[in-house]
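Protein chains in written order, with my numbering: chain A, 1 to 385; chain B, 1 to 385; chain C, 1 to 341; chain D, 1 to 341. We put the CB at the ideal spot given by N, CA and C, even for glycine. I have placed the structure first, in the form of structure tokens, so that the comments after it can refer back to it.
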Amino acid sequence: MPRNPTHRPAHPREHPLAPGDLLPRDEPVRLLDETGASHADERYGMPPKARLLEGYRALVLGRRLNDQCTALVRQGRLAVYPSSHGQEACQVAAAMALGEGDWMFPTYRDVVAIASRGVPPAEALVLLRGDWHSGYDPARYGVAPQATPLATQLLHAVGYAHAAKLRGESTVVLAMSGDGATSEGDFHEALNFAAVFHLPVVFFVQNNGYAISVPLARQTAAPSLAHKAIGYGMPGQRVDGNDLPALLAVLDEAVERARSGGGPTLVEAHTYRMQAHTNADDDTRYRESEEVQTWVARDPLTRMRALLTSKRWLTQAREHELVAEAEAMAAGLRVAMTDEPEADPEELFRHVYATRPPALQEQWELLADELSRSEASAGSREETP
Amino acid sequence: MPRNPTHRPAHPREHPLAPGDLLPRDEPVRLLDETGASHADERYGMPPKARLLEGYRALVLGRRLNDQCTALVRQGRLAVYPSSHGQEACQVAAAMALGEGDWMFPTYRDVVAIASRGVPPAEALVLLRGDWHSGYDPARYGVAPQATPLATQLLHAVGYAHAAKLRGESTVVLAMSGDGATSEGDFHEALNFAAVFHLPVVFFVQNNGYAISVPLARQTAAPSLAHKAIGYGMPGQRVDGNDLPALLAVLDEAVERARSGGGPTLVEAHTYRMQAHTNADDDTRYRESEEVQTWVARDPLTRMRALLTSKRWLTQAREHELVAEAEAMAAGLRVAMTDEPEADPEELFRHVYATRPPALQEQWELLADELSRSEASAGSREETP
Amino acid sequence: MTILQDAPPAAAAPAVRETMTMAAALNRALADALAEDDRVVVFGEDVGALGGVFRITDGLRARFGEERCFDTPLAEAGIVGTAVGMAMNGLRPVVEMQFDAFAYPALEQIVSHVAKMGNRTRGAMRLPIVIRVPYGGGIGGVEHHCDSSEAYYAHTPGLTVVSPATPQDAYALLRAAMRHPDPVVFLEPKKLYWAKGEVDTSITAELGRAVVVRPGSDVTLIAYGTSVPTALAAAEAAGAEGRSVGVVDVRTLAPFDDATVTDAVRATGRAVVVAEAPGFASVAAEIAARVGERCFSYLEAPVRRVTGFDVPYAPPKLEHHYLPDVDRILDAIDTLYPDEA
Amino acid sequence: MTILQDAPPAAAAPAVRETMTMAAALNRALADALAEDDRVVVFGEDVGALGGVFRITDGLRARFGEERCFDTPLAEAGIVGTAVGMAMNGLRPVVEMQFDAFAYPALEQIVSHVAKMGNRTRGAMRLPIVIRVPYGGGIGGVEHHCDSSEAYYAHTPGLTVVSPATPQDAYALLRAAMRHPDPVVFLEPKKLYWAKGEVDTSITAELGRAVVVRPGSDVTLIAYGTSVPTALAAAEAAGAEGRSVGVVDVRTLAPFDDATVTDAVRATGRAVVVAEAPGFASVAAEIAARVGERCFSYLEAPVRRVTGFDVPYAPPKLEHHYLPDVDRILDAIDTLYPDEA
Ligand SMILES: Cc1ncc(C[n+]2csc(CCOP(=O)(O)OP(=O)(O)O)c2C)c(N)n1
Ligand SMILES: Cc1ncc(C[n+]2csc(CCOP(=O)(O)OP(=O)(O)O)c2C)c(N)n1
Ligand SMILES: [Mg+2]
Ligand SMILES: [Mg+2]
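Given below as structure tokens:
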């Protein structure tokens, strides 16, 4: 991924916005109603047709990727999968809001966002497959490694943006998190640093109502998560997280603000995790299936399909094409996941330091010796209980 | 300090306030203008005469304590002193807002607040004198040990209040911090826990404009620190921190809200640190003396004295009495600080665990042996370079 | 609302004796303590309705109510920091950190307050807090889910650091930790959660005591947590090869029980310390150093360590190369007999 | 606005050779690096106008501007976490933690990211970050201002942990740390900040190398940071009593330089490790364990440790009892000669 050219305005607007501009609306921004009919908004316009069609394609691929991964977990080909099924509009919008030289800082749940940004699915799944801790070159795609310790990556995102500002680059950074992660101290410190240094960061919280089993009411007593923004002096906005056009409009505005020197924004998307936290989780312990059912009607794909079909922008033929493309992607992924790369034990020692220190080399030699002996006398000691 | 009786209302109001009730005013609450004339407020009334006189006495004693401690540092009788000179109204109000069974969680700068709550000054100074890490029995006074690691004590305060709520006690907890400490992750987590569990805590931020050398603009880009409250779903209020009546009115309201089951409040007091961060600091490196001078005119003592004198509540005779009382306190402290308690090395081992483990006993015996030998052969080894 | 009292009622939970997993033993220890002492509260992430991601708190909320067992906002410093305040106000909090690496945000609270409050206040405010930390690997967990973080705690004066290796010890040590006047970091070996054993809930354990779990006259293996069964398996295998190998289960990592360990090593003259954590500046290093110092004239060979390598924990596909196993222990034992090579 | 480039310009800071304090040497190292390499940025609490509470960054903001040396909001996880992001974007951040105990809030960032990012990305994203931590006691500081926290870092794979004992090493090692491709925790012994020595800025040092700072044929003292001058004084005193005592300054605590230490101890057959931190599961424990293992057949006596006690750091009035001193080292040396007792 090439560096962004130096075209940030020399004198960014450093004036804080008026307090009134920092509070979110009472209701999330919406451009589609639940049936997929378009819903006019005073401030945010419907994105253009080409962008919507591109978004729909990404939704179809994203949904297929989620479902394929869930299947791969069942077959034992992935160690674990935290699915974003139901949150694909957020995932797709996150990727689409960014330009080429921009950066995304995703979490474990954001595989679809990463893939939408161009990382090959098999590379995006290296962590969850258990081969290594991360599988793609971050600089090539402008995507940081998926973060597991909650909210920690938000600080990395802010630091990345700070460096971009110091270097005079026009990079915008999208810092992703869930609703649960907003309770962590690092969330607070990240938003504060971004606002104090007036950095080009968009904080994008996918509020899917749960942190594993813990509902939002246990994370905050605030009117909304977006109401936290004013406490840092940045604008906060709420958006329907299953409404791709609204997500694009709100994120585009925030990215544009960041790029033009207007500082950070906090965007809270209201969405829902349709499946368990991961395959290892049992969500019947903490939520009613009726609750899950109410969200089926708000499915982001259905709503987009309804919009595009009603506008006659999406033909039956195009729909078939997309399904075929998604199937091909899934088939490719299945093949990639069948291929078991030989796990090389020396990898454990190779990257800890740029130069392997003697004490570590000793440890590797111990292991190498063990391995060569166990190969030589294959089975002899293995048989001891 | 006896436990508070169980008289918290059985069904506290758990309904969140409306968003509009959570935002602070545009200007800090004031009941005194800078000349000490009283300033009417639509919501907060002037505290009664007796309370004001009690407050004035505490201000005089507090100022004297600050100045005596600064002198003690110069004489080498205190290791370090972070003076609250100029912030005495906040210190006094903090102590006065609390009832007998309530708890205060202070910082290193809050010696005057601690003393105002009844802790003998010499006990309050044990930490800063270097004798031990804390010098008073917290439960006796309802005062936690002074916290040095910033914002950490806010979580203790919240936990204390949580236990009080679970036990059905009517205790209110005052959690104190500076402006700089609001940037720490623990500040965020503390406010959030307090709001989510709807706990009887008043967060009291003394915004004195600086965290050592770093001005407030480097801590936050928010319209005010009190604007952080809405992000947790609790009311925030700003108050003139050099205006004792206003502080009492605002803190009383917050304490009353907490006690009656209305949950936490964030109060930001605007004040100023008139002296360097501690005696070890050189404030000429980071602020102009003109800035300090502008705050002389807002001195909390002068303003209170002007008010009380204008109302003829403070006589010359009473003023002399107070000065004499303050001098007596200072003289007593000087005496207490002349007395050098013998530092007992076994103290290092006595309190680490309730029961001293064998390995630690061994270490003490090693030291004891060393000490007895060096006493025996006094000077023999000491002479080697 | 439950009114929590200052003193526990007399009624003890009825004793049982049955075979159960370590997870079930821990769950029962929590339940029995909650039943016996109404100052005990259990909280953390997902410990309520879900019963914890490892189900250690399963059923506690239903049985004891929302005041005694509850979910918190997602913030580990917040969980530990509020536990400090609760303990200051007379409760006995038991908090769960969801995984080893997710306890790190709480480290400042643990090091600067949990470990020091009793000392700071000259005993006026001791903190009877139990911080439960599922730790260690061997379960195919991805990054940050398999750290053996005991050294950070064991190095910190004022903490008592405990790790059980059997369901019986899990029950008895957790009960002891919950009765302890001082804070305990209770490290639960994730890999052993589903291992079964007999538990007699009337058996009590004392913190600060190691136990010889297998006698042996040639070599002493010193281990704790997950490494205990591995050490036992190695001892068994070495026995088959004609060496009498004993195993000491340290159980309380800090403060350390020198008497038991020193006696065992003096009797054999040969020792291997086994632990999963990276070896550098670890608890295993401490044990090796202490044994080296206290048993010097008894030692026939250097004290060996079989530990994790000094690298970040391995991804699932490589963890079997990272973890100490029977072969590696046997190899280490062989080095204690250089003349037989 | 300074445009920071990917590669340092060729112009090196002119070399000087003069007597200065360690604080001045560190200040000069930062200034020279800022001058030579415009990817270097220095930030933290009070490092700007104030020049740091110890004045290590004095004058840097005035000379290099607000973009190169700046104050942050008061949040240590924030400081280290944003340094991670800056390093990902090509900068070389040098951050200051104000005191040892105030680095603990950053521990999660340090352990879970700083130490692991290079490994996580198979080398695609190494993090050349220097985390400066003033550490240790002996300055009459109140609680939380005197911790010797090196064990937490040294135990963490992926970190390079350095501590200088002289102004010359302070300069040369900090320069080396700032050029290093990997993260370095740079521990500055507060007590030595105002100790003076000659500094030649043209002398370079390599990370990962211990040095024999005093030869000796009877006993080897192994120390780092503040303990080095104490060890040297003890060696001198022992010399006066007729024993030839050498001193090794470890300098890089992790990864450890076994060659230098092992050679020295094999030559003397007797060793004492000296460090201020509580001894349990410490760097001193590691050194004792390694030396015990690697030098077993050369040892005439057990490896002794003279360390801080396993108690929270002492208040100012008691710290002289806590800290390792010459007498305690001499006592330990005496125990290496039991027959002479
Ligand atoms: C610091 C930390 N604590 C705990 C965890 C364990 N954990 C993993 S995901 C999760 C819930 C996160 O919820 P949320 O932020 O809402 O994201 P979601 O999973 O809903 O996308 C928890 C507690 C973690 N990964 N990191
Ligand atoms: C966690 C932590 N980091 C750093 C410090 C060092 N320190 C002590 S006081 C201080 C400034 C605090 O400023 P503020 O919160 O505004 O309180 P004030 O001193 O102005 O009363 C700093 C940085 C500390 N005590 N704790
Ligand atoms: Mg969520
Ligand atoms: Mg301040």
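Could you check the C-alpha separation between P278(D) and Y313(D) for me, to the nearest Å? The sequence position of residue 278(D) within the fourth sequence is 278, counting from 1. The sequence position of residue 313(D) within the fourth sequence is 313, counting from 1. Those two C-alpha atoms are separated by around 8 Å.
Let's test the definition: count the other Cβ atoms within 10 Å of the Cβ of L380(C) and tell me whether it reaches 16, buried, or not, exposed. The question about residue 380(C) has no answer, for chain C in this structure spans 1 to 341.
Taking Cβ-Cβ distances shorter than 8 Å, what residues in chain C pair up with F193(B)? Here the question's residue 193(B) lines up with position 193 in the second sequence. Residues of chain C passing the Cβ test: T72, P73, A75, G78 and T82.
Determine whether the Cβ of T182(C) lies closer than 8 Å to any Cβ atom of chain B. Position 182 of the third sequence, counted from the first residue, corresponds to residue 182(C). Looking at the sequence provided, one finds Asp at residue 182(C) rather than Thr. Judged by the 8 Å Cβ criterion, D182(C) is in contact with chain B.
Does the segment 110-122 of chain C come close enough to the segment 129-136 of chain D to have 3 or more Cβ pairs within less than 8 Å? no
Whose Cβ in chain B lies nearer than 8 Å to the Cβ of N119(C)? Translated into positions along the third sequence, residue 119(C) becomes position 119. H133, H351 and V352, listed in chain order.
L371(B) by DSSP, collapsed to three states: which one? Along the second sequence, read from residue 1 onward, the residue named residue 371(B) stands at position 371. Of the three classes helix, strand and coil, the one that applies to L371(B) here is helix, per DSSP.
From H227(A) to Y272(A), what distance separates their C-alpha atoms? By one-based count along the first sequence, residue 227(A) stands at place 227. By one-based count along the first sequence, residue 272(A) stands at place 272. Looking at the two C-alpha atoms, the distance is approximately 20 Å.
Taking the alpha-carbon positions, what's the L336(D) to L253(C) distance? On the fourth sequence, position 336 is the one that residue 336(D) refers to. On the third sequence, position 253 is the one that residue 253(C) refers to. Whole-angstrom Cα-Cα distance: 28 Å.
Assess contact between the segment 292-311 of chain B and the segment 33-41 of chain B, defined as three or more Cβ pairs (one per stretch) separated by less than 8 Å. Is contact present? yes
Do we get a CB-CB distance below 8 Å when we pair Y286(B) with the residues of chain D? If you number the second sequence from 1, residue 286(B) lands on position 286. Closer than 8 Å to some Cβ of chain D, the Cβ of Y286(B) qualifies, so yes.
Please report whether the beta-carbon of R13(A) lies at a distance below 8 Å from any beta-carbon of chain B. Against the first sequence, residue 13(A) aligns to sequence position 13. The pLDDT assigned to R13(A) is 43, lower than 50, so where the model puts this residue is not dependable; a value taken from the coordinates is nonetheless given after this. For R13(A), the answer is no, since every Cβ of chain B falls outside 8 Å of its Cβ.
Within this structure, are the beta carbons of V265(D) and A288(D) separated by less than 8 Å? Looking up residue 265(D) in the fourth sequence gives position 265. Looking up residue 288(D) in the fourth sequence gives position 288. For V265(D) and A288(D), no; Cβs fall outside 8 Å.
If we cut at 8 Å on Cβ distances, does F99(D) have a partner in chain C? Here residue 99(D) corresponds to residue number 99 of the fourth sequence, with the count starting at 1. Not closer than 8 Å to any Cβ of chain C, the Cβ of F99(D) fails to qualify, so no.
In angstroms, rounded to a whole number, what distance separates the CA positions of I212(A) and F99(C)? Counting from one through the first sequence, the residue named residue 212(A) turns up at place 212. Counting from one through the third sequence, the residue named residue 99(C) turns up at place 99. Taking the straight line from one Cα to the other gives about 14 Å.
Grab the span of the beta strand (DSSP E) containing F203(A) for me, first residue to last. As a working note, residue 203(A) is residue 203 in the first sequence. Residues V201 to N207.
Between P82(A) and A13(C), what straight-line distance do the alpha-carbon atoms span, to the nearest angstrom? Stepping through the first sequence from its first residue, residue 82(A) is reached at position 82. Stepping through the third sequence from its first residue, residue 13(C) is reached at position 13. Going by the C-alpha atoms only, they are around 40 Å apart.
Whole angstroms is fine: what's the gap from E286(D)'s alpha carbon to A154(C)'s? Taking the first residue of the fourth sequence as position 1, residue 286(D) is located at position 286. Taking the first residue of the third sequence as position 1, residue 154(C) is located at position 154. Distance between the alpha carbons of E286(D) and A154(C): 14 Å.
Under a Cβ-count criterion, where at least 16 other Cβ atoms within 10 Å of its own Cβ denotes burial, should R109(A) be classed as buried or exposed? Numbered from its first residue, the first sequence carries residue 109(A) at position 109. By the 10 Å Cβ count, R109(A) comes out buried.
Just by C-beta distance, which residues in the segment 183-211 of chain B are closer than 8 Å to chain D? S183, E184, G185, D186 and A211
If P189(C) sits next to G136(C), beta carbons under 8 Å apart, how far is it from one beta carbon to the other, in whole angstroms? Sequence index remark: in the third sequence, residue 189(C) carries index 189 (1-based). Sequence index remark: in the third sequence, residue 136(C) carries index 136 (1-based). The Cβ separation is near 5 Å, so the contact holds.
Let me check you understand the geometry: is the CB of D71(C) closer than 7 Å to at least one non-hydrogen atom of ligand 3? One-based indexing of the third sequence puts residue 71(C) at position 71. No, since every heavy atom of ligand 3 falls outside the 7 Å radius drawn around the Cβ of D71(C).
Report buried or exposed for H351(B), applying the criterion of at least 16 other Cβ atoms within 10 angstroms of its Cβ. The residue you call residue 351(B) lines up with position 351 of the second sequence. Buried, because 16 or more other Cβ atoms sit within 10 Å of the Cβ of H351(B).
May I ask you to check if the CB of A175(A) is nearer than 7 Å to at least one heavy atom of ligand 1? In the first sequence, residue 175(A) corresponds to position 175, counting from 1. No, the beta carbon of A175(A) sits no closer than 7 Å to any heavy atom of ligand 1.
Distance cutoff 8 Å, beta carbons only. Does A222(B) sit that close to anything in chain D? As a working mapping, residue 222(B) is identified with position 222 in the second sequence. False, the Cβ-Cβ gap to chain D never drops below 8 Å.
Test item, CB below 6 Å from any non-hydrogen atom of ligand 3: G178(A), D179(A), G180(A), N208(A), Y210(A) and A211(A)
Taking the beta strand (DSSP E) that Q91(B) falls in, what are its first and last residues? The sequence position of residue 91(B) within the second sequence is 91, counting from 1. Where Q91(B) is concerned, there is no enclosing beta strand (DSSP E), although the alpha helix (DSSP H) it sits in stretches over E88 to A97.
Taking the alpha-carbon positions, what's the E340(D) to T156(D) distance? Translated into the one-based positions of the fourth sequence, residue 340(D) becomes position 340. Translated into the one-based positions of the fourth sequence, residue 156(D) becomes position 156. Using only the alpha carbons, I get a separation of about 41 Å.
In terms of DSSP beta bridges, what is H347(B) paired with? The residue labelled residue 347(B) in the question sits at position 347 within the second sequence. Per the sequence shown, residue 347(B) should be read as Glu rather than His. DSSP, once it has assigned bridges, lists no residue as partnering E347(B).
Taking all protein chains shown into account, do 16 or more other C-beta atoms lie within 10 angstroms of the C-beta of E14(A), making it buried, or fewer, making it exposed? To locate residue 14(A), count along the first sequence from 1; it is residue 14. With a pLDDT of only 47 at E14(A), under the threshold of 50, the placement of this residue in the model should not be trusted; the figure read from the coordinates follows. Exposed is the call here.
Run the proximity test for L187(C): is its beta-carbon closer than 7 Å to any non-hydrogen atom belonging to ligand 1? Against the third sequence, residue 187(C) aligns to sequence position 187. Answer for L187(C): no, Cβ out of range of ligand 1.
Tell me whether F102(D) counts as near ligand 2, meaning its Cβ is closer than 7 Å to at least one heavy atom of that ligand. Reading the fourth sequence from its first residue, position 102 is the one you call residue 102(D). Yes, ligand 2 has a heavy atom inside 7 Å of this Cβ.
Under a CB-based cut-off of 8 Å, is G136(C) close to chain A? Here residue 136(C) corresponds to residue number 136 of the third sequence, with the count starting at 1. No, no contact with chain A.
Note down the Cα distance separating R304(D) from A210(D), rounded to an integer number of angstroms. Taking the first residue of the fourth sequence as 1, we reach residue 304(D) at position 304. Taking the first residue of the fourth sequence as 1, we reach residue 210(D) at position 210. Spanning the two alpha carbons is a distance of roughly 19 Å.
Determine the burial state of E169(B): buried for a count of at least 16 other Cβ atoms within 10 Å of its Cβ, exposed for fewer. Position 169 of the second sequence, counted from the first residue, corresponds to residue 169(B). Buried: at least 16 other Cβ atoms inside 10 Å.
Answer yes or no: the CB of T148(B) versus the heavy atoms of ligand 2, is any distance below 7 Å? Translated into positions along the second sequence, residue 148(B) becomes position 148. At least one heavy atom of ligand 2 is nearer than 7 Å to the Cβ of T148(B), so yes.
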